[in-house]
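Chemist: In mature numbering (1 follows the signal peptide of the UniProt record, and there is no 0), the protein residues as written are -26 to -1, 1 to 661.
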Amino acid sequence: MSPPSNAHRFLLLLFFLFWSIKLNDAAAADDDDAREISPKYCGPSTTSRSCKRNLNISYPFWRADDEGQICGYPGFSIDCSNADPDYPRIAISGGAFLVKGINYGDHSIALADADAITSGGDCPRPRQNLNFSGGTLPPFVYNYSIDVAIVFYANCTNPLDGGTPYPCSIDDERSSYWSVGPTPLGWRGNCQGALQTAVMGSSEGIGARLNGSSSSWAKAVNEGFVLNWDAKGENCTACERSEGRCGLETDSGDFFCVCNGTVTPHDCGASSQMDMAGSSVNLKIGLGVGGAALGVILMGASWFACQRRRRKKPYASSYFMSRSTPSDPSTSTMDLEKSGNYHGVHLFEYSELEEATDHFNPKHELGDGGFGSVYKGKLRDGRVIAVKRLYENNYKRVEQFMNEIEILQRLSHRNLVRLYGCTSRHCRELLLVYEYIPNGTIADHLHGEAANPESLSWATRLSIAIETASALVYLHASEVIHRDVKTSNILLDDAFRVKVADFGLSRLFPTHATHISTAPQGTPGYLDPEYHECYQLTSKSDVYSFGVVLIELISSLPAVDITRHRHEINLSNMAINKIQCNALPELVDKSLGFDSDERVREMICAVAELAFQCLQSAKEMRPSMEDVLESLLEIQGLEKKDSMASPTVAPLLVKNGSCKLPTLSPNSVILNAQWPSRSTSLSCNSC
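1) Can you find at least 3 beta carbon pairs, one from the segment 447 to 466 and one from the segment 551 to 565, that sit closer than 8 Å?
2) Given the structure, does G69 come close to the ligand NAP, in the sense that its CB is under 8 Å from one of the ligand's heavy atoms?
3) Taking CB distances under 9 Å as the criterion, tell me whether R457 reaches chain C.
4) Could you check how far apart the C-beta atoms of Y33 and C210 are, in whole angstroms? I think they sit under 8 Å.
5) Exposed or buried, what is I416 when buried is set at 16 or more other beta-carbons lying within 10 Å of its beta-carbon?
6) Among residues of its own chain, excluding the 5 on either side of G46, which ones have a beta-carbon nearer than 7 Å to its beta-carbon?
7) How about K473 and I411: are their beta carbons less than 9 Å apart?
8) Around the Cβ of A451, are there at least 16 other Cβ atoms within 10 angstroms (buried) or fewer (exposed)?
9) Alpha carbons only, please: which of E197, S188 and Q102 is nearest the one belonging to M174?
10) Residues bridged to L599 by DSSP?
11) Taking R215 as part of the alpha helix (DSSP H), name the residues at either end of that continuous run.
12) Can you tell which of H419, N132 and E423 has the C-alpha that lies nearest to the C-alpha of S429?
13) Classify R148 as buried or exposed, calling it buried when 16 or more other Cβ atoms lie within 10 Å of its own Cβ.
14) Quick check: the Cα distance between R435 and E572, rounded to an integer number of angstroms?
15) Considering only the beta carbon of each residue, do S386 and S513 sit closer than 9 Å?
16) Check whether the Cβ atoms of L524 and L603 sit closer than 9 Å, and answer yes or no.
17) Exposed or buried, which one is S189 when buried takes at least 16 other CB atoms within 10 Å?
18) For V574, collect the residues of the same chain with a Cβ closer than 8 Å to its Cβ; drop the 5 residues on either side in sequence, then sort them by chain order.
19) Cα-Cα, which of S591, A194, S347 and F322 is closest to S519?
20) Return yes when the Cβ of I76 is within less than 9 Å of the Cβ of A70, no when it is not.
21) Mind checking T397: buried by the 16 CB within 10 Å criterion, or exposed?
22) Let's see if you can read the secondary structure: which residues bound the alpha helix (DSSP H) around L527?
23) By Cβ distance below 6 Å, which residues in the same chain neighbour A647 in space, the five residues on each side in sequence not counted?
24) Going along the chain, which residues of its own chain have a beta-carbon closer than 6 Å to the beta-carbon of Y349, five neighbours each way excluded?
25) Could you give the distance in angstroms between the alpha-carbon of A194 and the alpha-carbon of S143?
26) For L545, which residues from the same chain have a beta carbon less than 8 Å from its beta carbon, with the 5 sequence-adjacent residues on both sides left out?
27) List the DSSP bridge partners of K352.
28) Per DSSP, what kind of secondary structure is D228 in: helix, strand or coil?
29) What are the boundary residues of the beta strand (DSSP E) that includes D418?
30) Once DSSP output is grouped into helix, strand and coil, what is the label at S431?
31) Measure the alpha-carbon distance for M577 versus I609 and round it to whole angstroms.
32) Measuring alpha carbon to alpha carbon, tell me which of P141, N389, S51 and K74 ends up nearest S181.
33) Assuming D87 and P100 make a contact with CB atoms under 8 Å, what is their CB distance in whole Å?
34) So T131 and W152 are in contact, right, with Cβ under 8 Å, and what is the actual spacing, rounded?
35) Going by DSSP in three states, F35 sits in which element: helix, strand or coil?
36) Starting from G181, trace the alpha helix (DSSP H) both ways and give me its first and last residue.
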C-alpha cells in the first residue's frame, strides 16, 4: 500500500479544520442556550399542570394559557378554558376533540368528537372529518391495533350497496349509512356527503359492537378513539425525576432538559450539570478527534478497497458461484442442469447468448430491468429474444435468479411476459431469456423517446389498464406479489397488447399469510407509503403502484419529475392536489379529447376516481385488484353506452363539463362532509 498522496493529506487537513470550527461554535451555542432558555417558559415549578378531571398536562403537551410552547411539541397545545365542564380540548386537522385521557407510558391519547358529544342528542354521531394521511393525523399517528376507520354517508337518496344503515336520523334526513373498507363507487351522487372517523375496535368485530341501535353508537362515539405520538427516543422521565423540565428546541426538534437555567441533553444528574464550557466541551472535542481518526481509517480502507476492485473482473467466476451457492446433497439439481433444463426451463449455453447479443453490444441494450440490463438478441433458430443480464454474481443475485425461475416457470397468462430459458446457476453470468416484445414500454409511449400523442388514444390506454389489471389479478390469485409495478415494466407488442415484465422483486407468500415482512423494495414514485412505516408487504402494495400507473395513463406525465413544483415532484401528490382543487382537467393529457368528447370525459373522470381509491395511504381503504379490474371493465362498457347508467360508477361525476371528484386527500376517500353540524374543510396546496 503506497503512502497517502498530497490530495489525501489536504483532505485530512480540511477535516480537522472543520471539526475545530464546529466545536467552537457548539461551545458558544451552549452558553447562549443556558442564558436564553429559562424555566419561566415552562410553567410553574412543578413538572406538570392539572387541567379538569385532574388531567396531567406534561411534556410533550403544553397548556394554551402558558406563556410559550417551548416545553412541548408544536400542535400539542391543550385548551383547558373551553366550556366543557369535564374535558379539555385539542385541535387536530381543523377540528376540536375532547381529551379523555393521556397515557405517557405508551405515548397515547384518547379523544372523542367534541361536536358529536355536545350536540348529538338522541342521534350522536361523528361530525369531524379525520384526514388520515399515510396512517397519520398530524401531529399524531393512527393506531391500527386499537382503532378501526369508518366512513359515514349522510342523507342518501337510495340504498347504498356495501353500506350498513345508520340506526337513526336527524330532522327530515333521509337514510344514512356507514362502511369499513373500500369506498362504494356508487355513493357519490346518491348521498349528500361523507366523512371519515374512527372508533375503538377491530374491523372483524365492529359489526357486532355497533349492533344497529342508537345506544351502541352513542357509546362508541363517547368512548372515542386512540392516537399515538412519536417519542423520538427522548427520555423525559429521567429529566423530570432529576427535578428538571423537559423541553423541545423548536428549530431543530431536539429534546433537552432544563436544570436550574442550564440546558442539558438528558437529565439533571451530576454528570449532566458539569460546566458547559468545560467538561462537556472537552467531551465534544474528544468525540471530534475520535471522529477524525475514524475518518482517516475509513479513507484508508476506501483507498485499499478501490485498489482491489480495480484488479477484479466485473463479474464473478464460475468457481465463486459454485462455492457460494448451497448444494443439494442428492445432486438432483446438478443432474437437472446437465440434462439441459431446470424445473422445466431450457438451459442456454453462455456462448450461445453471447453470440445472440453480439457479445452484449451496448447498441442492443434495451434498458435496465430489475437488478440487471436487458439486451436484444437473435438465437440461431431465428427467434428474437430479450436477455436480462444480472449486474453481479453474488449469493443474493443467485437467490433472486432462482426465485424468478421458480415463479415464472409455473405462471402462464396472456398478459405476462414469457420465459424461454436461462443459463445454469453455475455459469459465469446469470442470464434470463425472455420473449422479445417489440414495441417498448408504456413509459416510452407516454413520456419517453417514443411519445406520440396520436399513438395512444384513450380507448387504447383504457385497454392497457384493463390488461395490466388482469395480469395482476392473476398474479395475486397465484399467491405472487409483483412489488415493482410501474410503466417501465409494462411492455407493449405491435398491437399495443400488454405484457407485464420483471418479476425480479417478486416474492411468494403462503396462503395463510396476510403480509410479508421485508426490507422496502420497489421504485420511488410507485412505492406503497405504508411500506416505510410497518415494512409489511401485501397485494395492496401492487394496488397503490397501479393507481400511479392509472394517473400516468391519464396525464402522460412521469411518476417522478424533480423539475416540477416541490409539492408535485411525485405524480401521486400532484394528482391528489389537482383533485382537491377540483382541477382534474389540468392533469389530463390534452390529446385525449377530455374537453371535446363527453363520453371520454366521463370515462376519464371514472378512472380518476378509481385511481384515487387505489392511492389510499391506508391499505385497508384500497380496493383489491379484482375489484379494480371489475370497475375498469364497467368503465370500458361506458364506451358503448349512450349515458352513464352503471350502478357502480357514480352517475354525477361530470357536471357542466367538469369532474366532480373528491376534495380531500386520498386517505379520507370522501367528498366534503355536509352533515347538519359543521364540517371540516381542507385546503389544497399550490393550486
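Every residue gets a Cβ at the ideal spot worked out from N, C-alpha and C, and that includes glycine.
Modeler: Taking the definition as stated:
1) With a cut-off of 8 Å, the segment 551 to 565 and the segment 447 to 466 do not count as touching, because too few Cβ pairs lie within range.
2) As far as ligands go, the structure on display features none, and thus does not contain the ligand NAP.
3) This model lacks chain C altogether; it includes just one protein chain.
4) 5 Å between Cβ atoms; contact.
5) By the neighbour-count rule (16 or more Cβ atoms within 10 Å), I416 is buried.
6) Around G46: Y33, P34, F35, W36 and L222.
7) Yes, they are a contact pair.
8) When all chains shown are included, A451 counts as exposed.
9) Nearest option by C-alpha distance: E197.
10) What sits at residue 599 in the sequence shown is Met, not Leu. M599 is not bridged by DSSP to any residue.
11) Run containing R215: C210 to R215, per the alpha helix (DSSP H) assignment.
12) Nearest C-alpha to S429 among H419, N132 and E423: H419.
13) Here R148 is exposed: its Cβ has fewer than 16 other Cβ atoms, across all protein chains shown, within 10 Å.
14) For R435 and E572, the distance between alpha carbons rounds to 17 Å.
15) No. Outside cutoff.
16) Not closer than 9 Å, so no.
17) Classification for S189: exposed.
18) So the qualifying residues of the chain are W432, L566, G567 and F568.
19) That would be S591, whose Cα lies nearest to the Cα of S519.
20) For the 9 Å CB-CB criterion, A70 and I76 do not form a contact.
21) Per the 10 Å Cβ criterion, buried.
22) That run of the alpha helix (DSSP H) goes S513 to S529.
23) The predicted position of A647 is uncertain, since its pLDDT is 35 and thus under 50; a value taken from the coordinates is nonetheless stated next. So the qualifying residues of the chain are N103, G167, L169 and S653.
24) Cβ within range, chain order: T331, F334, H338, E339 and V361.
25) One C-alpha to the other measures close to 17 Å.
26) G499, V522, I525, E526, S529, L531, P532, A533, V534 and D535, listed in sequence order.
27) DSSP links K352 through a beta bridge to V358.
28) Secondary structure of D228 (DSSP, three-state): coil.
29) DSSP places D418 outside any beta strand (DSSP E); the residue lies instead in the alpha helix (DSSP H), whose first and last residues are I416 to H421.
30) Of the three classes helix, strand and coil, the one that applies to S431 here is coil, per DSSP.
31) Going by the C-alpha atoms only, they are around 6 Å apart.
32) The displayed chain sequence assigns Gly, not Ser, to residue 181. Here the closest residue by C-alpha is P141.
33) Separation of the CB atoms of D87 and P100 is rounded to 5 Å, and the pair is thereby assigned contact status at 8 Å.
34) Actually they are not in contact, since the Cβ atoms of T131 and W152 sit about 17 Å apart, beyond 8 Å.
35) The answer is coil: DSSP assigns F35 none of H, G, I, E or B.
36) In the DSSP assignment, G181 falls within the alpha helix (DSSP H) that extends over I180 to R183.
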